[in-house]
Amino acid sequence: QELRKVRDEQLMDDARLFQEVLSEDTGTSFYMNIETQEPTWDVPPGGYTRKDGMLVLATGKVIEDPLTTMTDEERRAKELETKCSECESRDATRFCEQCGDRFCTTCYNDNHK
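With my numbering, you'll find the sequence shown wraps up at 329, consecutive numbering, no jumps.
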């Protein structure tokens, strides 16, 4: 159950990385990497966000982005689920079964052995 949730979240994160954009010159779609601002004409294999906000996942499934229906408070709580519980800035890569918290490697090695 937990692995499926993690996989689904990863698929959605991958799809959010690219935004479909309509080219004014050609009238066809291209895809903009929202982190690097690099455009590509090729459909991203990891999926993308359509112009209407729907997510096209790598599996081909098209879904509504759950982030669009969340309040700002819910979105912040969701973001913190993937962040280190110690520094709250880096992505969590470690999970402590004893305390149930998630940590980045740095905080885990420095504070949670």
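C-beta: ideal position from N, C-alpha, C; glycine also.
Fair warning: this is a prediction, and the values are worked out from it, not measured in the lab.
Supposed close pair residue 231, residue 263 - CB separation, criterion 8 Å: 3 Å
Taking contact to mean 3 or more Cβ pairs, one atom from each stretch, closer than 8 Å, check whether the region 242-255 and the region 275-291 are in contact. no
Q) Residues in its own chain within less than 7 Å of residue 266 by CB, not counting five upstream and five downstream? A) 236, 272
Original post:
Considering residue 218, what are the terminal residues of the alpha helix (DSSP H) in which it resides?
Top reply: 218-232
Top-ranked residue by Cα proximity to residue 229, from 254, 289, 255, 260:
260
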